[in-house]
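Residue numbers (my numbering), protein chains in the order written: chain Y, -16 to 466; chain L, 13 to 436.
Shown next as structure tokens:
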């Protein structure tokens, strides 16, 4: 099969499409010219490139004005805390953070006295939309558990934007979430980073320019699912063999494209390789364009995965669940890999048996990048309480960690691990104004999100039902509008 | 103080359980769960396992070991209303679970008392977070009846299961309908037939006769329910199913009924209150997780309690009941955030569950005559950042250590040169 040259990315960019999505196309086009894993067009019309963004984000921020939140306790998400602090939002971005800020003409001034302001919560591990509420069989769209290697599936093609779980997460202060395929497979498919906004289509929710991710799963799940069917992988060693065989294949695939591009750019008359969706994704990882989000629980298994990444020359971005991260903070730090964990869940399977409540705090305090995650449609609503528990448990174990430092576990750390850390996750000038105003200290059980801004637009207000989105599914149901 | 308590626990463990011990928990903010309310700078005296005095002026006996609770909260122990503590060690490893038996020929006759393991590692992890008593539940197997539940304490002692045959658990929710053959009518027909089998026991089973729904052992086990001596705990969520359950109770006097789940309970709160049926809910269940729970709401607990329903809280279904029953104070705190007065929310995880299971005169309050289940917290027990600093069960301090704290202590200091496996 020979691919038709895809349309040059810029040709499909019109004024109606967010600029960010178009700049994505041109960025990857230039990386294609430098010989990386392709893009729409390097400008040479005859050379076949792989379209890296065929389902582009159509997200457009809601209109927003200028807002000044005044006199609150500000946690900036990167360790800073300002008492009696102000946050100024202009043009959808953080314009200033400090004290005694002047309200520009026409600004909406919000009195933050007695309340807290933080960056919006980012959940790096969600299945909202892919395993939506209600959990009926027709909507069980998270695991393509038919083959252990399904790097070719993209979870955005499973996300049902009408999942009512999104609006419940919003009420919990979640402004960005990363939706992953499930963990039945060695390679579960691509994940997607979403703005927590209502949309008729998933494209309307896609975080512009966020890199794609690849879900991988180690340990019990793949070997149980496929072992029970009498096929490989049935063991931990089968899991590793399965990954390695795929990486060898992906390396060869990448090499064949690079040879083709080099020859074609030299004017030779060559046929391109046959495109393979599964290997496209794995090649994207080898090229550093797709971030590996790796489900893994045990310390020894994480160590082997990190060795495998070195073997094939790619980077693991984050270990998800990572209940034994506290045993290997030094190895994680050495390999520059983060751990995304629960505060206190475990016991549900053998590889989760060594859960400790201090996992997050210990991993962090001992030098590794650590963060909270939910993996749960209910847990995502209270990630502030989850980091509060992790912080309290860490302090009781003697670890000296401030609330301001701990907020990074729910915002800037996951932002970095999703490749959007220069866009959101902290209250810094120029960042997207993804902001939560809490009724009090968000490390308290009694505190709730009063107001949530996404890209500067007030998107949720606890006291104003006009600012509480209701998904289509809930219309006419007994729970319509219930929080 | 942690150290002190640990040492005490070790010495107590070596002594005979009946050894006379007196403790004075002094100067705390004491939540009594009685008409006395919350007492500041008060003292709780525990002697020989029971509470003998509570009050600001309580005299400290000379032989008392003093536990200074200055600046701390002192409360009755948490009573987990809907747990599986000691029944499951590793949920996905069937060999380590004793909550359900899909392949058994029996259902109602299955008694969790025969599966409860007081040495299960989550007894300690839950006790450390203030859970001192729990109702333990079987899970459903091949029909709507899961079996018989029991009441335990979390001491881990051999005698910690203090009441067996406390209730029978049946699932009449959407999942129960599936187990009964595929519909709600099938589930209710099975329940009615099972009750008829129980009422007809043993005569109906003479000779070669079988029951319509139950075999003779299951029918015998259901008889105390039919006679109203043992409560039936019934899982239902949908408002229509709750109304059906209310009618069931009225039609089957003297049956005692307790509902669990009740995601749409708020929609029938007045009827539940009028029927005098207590309800166990998870205050965090707010998603339309199935067509059984499209009315789920964070306001459920508040609306039920406002209507006068006796409400106890559980961690399930949003958190499990074998590992994380310990989170029920967090769930109660969220109920407060959603409109339940603090006193009522705290009662819903202490005294109300005890009352629902008929032991409210012994557990769930700090008053003379109550068991010495006393927890000293470093702050408001419903705050997620608070934790116990001392936990007494039956008047004896317990160790605030677990397999999880051992793992923590092994790995917390990564600069320790001792090889990991030699650190204990």
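Heads up, the beta-carbon is just placed ideally off N, CA and C, and yes, glycines get one too.
Just so you know, the alpha carbons of residue 252 of chain Y and residue 30 of chain Y end up roughly 10 Å apart.
Distance from residue 124 of chain L to residue 157 of chain L at the Cβ level is roughly 13 Å; contact not present, criterion being Cβ atoms closer than 8 Å.
Within chain Y, 116, 117, 147, 456, 457, 460 and 462 have C-beta atoms less than 8 Å from the C-beta of residue 300 of chain L, given in sequence order.
The beta carbons of residue 245 of chain L and residue 271 of chain L sit closer together than 9 Å. Linking residue 145 of chain Y to residue 182 of chain Y through their CA atoms gives a straight-line distance of about 8 Å. A direct Cα-to-Cα measurement between residue 357 of chain Y and residue 220 of chain L gives close to 55 Å. Using a Cβ-Cβ cut-off of 7 Å, residue 339 of chain Y is close to 416, 419 and 420 of chain L, given in chain order. Here residue 111 of chain Y is actually not in contact with residue 58 of chain Y; their C-beta atoms are around 25 Å apart, not less than 8 Å. For the region 103 to 121 of chain L, residues whose beta-carbon sits nearer than 8 Å to a beta-carbon of chain Y comprise 103, 104 and 105. Among the CB atoms of chain L, none fall inside 9 Å of the CB of residue 198 of chain Y. With fewer than three CB-CB distances shorter than 8 Å, the region 212 to 230 of chain L does not count as touching the region 107 to 115 of chain L. Counting other Cβ atoms within 10 Å of its Cβ, residue 343 of chain L reaches 16 or more and is therefore classed as buried. At a beta-carbon threshold of 9 Å, the residues of chain Y lying near residue 276 of chain L are 461 and 462, ordered along the chain. Residue 309 of chain L belongs to the set of residues whose beta carbon lies under 9 Å from a beta carbon in chain Y. If you draw a 10 Å sphere on the C-beta of residue 83 of chain Y, you find fewer than 16 other C-beta atoms in it, and that means exposed. Interface flag for residue 348 of chain L against chain Y is set, since a Cβ pair is found closer than 9 Å. In the three-state scheme derived from DSSP, where H, G and I count as helix and E and B as strand, residue 128 of chain L is classed as coil.
The beta carbons of residue 405 of chain L and residue 80 of chain L sit about 20 Å from each other, so the pair does not count as a contact at 8 Å. Counting the other Cβ atoms within 10 Å of the Cβ of residue 368 of chain Y gives 16 or more, which makes it buried. Cα atoms of residue 285 of chain L and residue 296 of chain L: separation of roughly 21 Å, rounded to the nearest angstrom. Excluding the 5 residues flanking it on each side, residue 158 of chain Y has same chain C-beta neighbours closer than 6 Å at 103, 179, 417 and 437, in chain order. The criterion of a C-beta distance shorter than 9 Å is satisfied by residue 58 of chain L and residue 34 of chain L. For the pair residue 257 of chain Y and residue 135 of chain Y, the CB atoms are not nearer than the 9 Å cut-off. Taking all protein chains in view, the Cβ of residue 80 of chain Y is crowded by 16 or more other Cβ atoms within 10 Å, so the residue is classified as buried. Comparing C-alpha distances from residue 453 of chain Y to each of Y:154, Y:360, Y:236 and Y:227 shows the shortest one belongs to Y:154. For residue 248 of chain L, the closest of L:275, L:208, L:335 and L:195 by C-alpha to C-alpha distance is L:275.
With contacts defined by Cβ atoms closer than 9 Å, residue 139 of chain Y and residue 38 of chain Y form a contacting pair. Straight through space, the alpha carbons of residue 122 of chain Y and residue 183 of chain L are spaced by roughly 24 Å.
Contact with chain L is absent for residue 452 of chain Y, since none of that chain's Cβ atoms lies less than 9 Å from the residue's Cβ. Residue 203 of chain Y has a beta carbon lying within less than 9 Å of a beta carbon in chain L. When secondary structure is reduced to three states using DSSP, residue 199 of chain Y falls in the strand class. Taking a 10 Å sphere around the C-beta of residue 277 of chain L, we find 16 or more other C-beta atoms and assign the residue as buried. Identification of residues in the region 422 to 450 of chain Y having a C-beta nearer than 8 Å to some C-beta of chain L yields 426, 427, 428, 429, 430 and 431, given in sequence order. For residue 158 of chain L, the enclosing beta strand (DSSP E) has its first and last residue at 157 to 165. Using a Cβ-Cβ cut-off of 9 Å, residue 151 of chain Y counts as an interface residue toward chain L, since at least one Cβ of chain L sits closer than that to its own. For residue 95 of chain L, not one C-beta of chain Y is nearer than 9 Å to its own C-beta.
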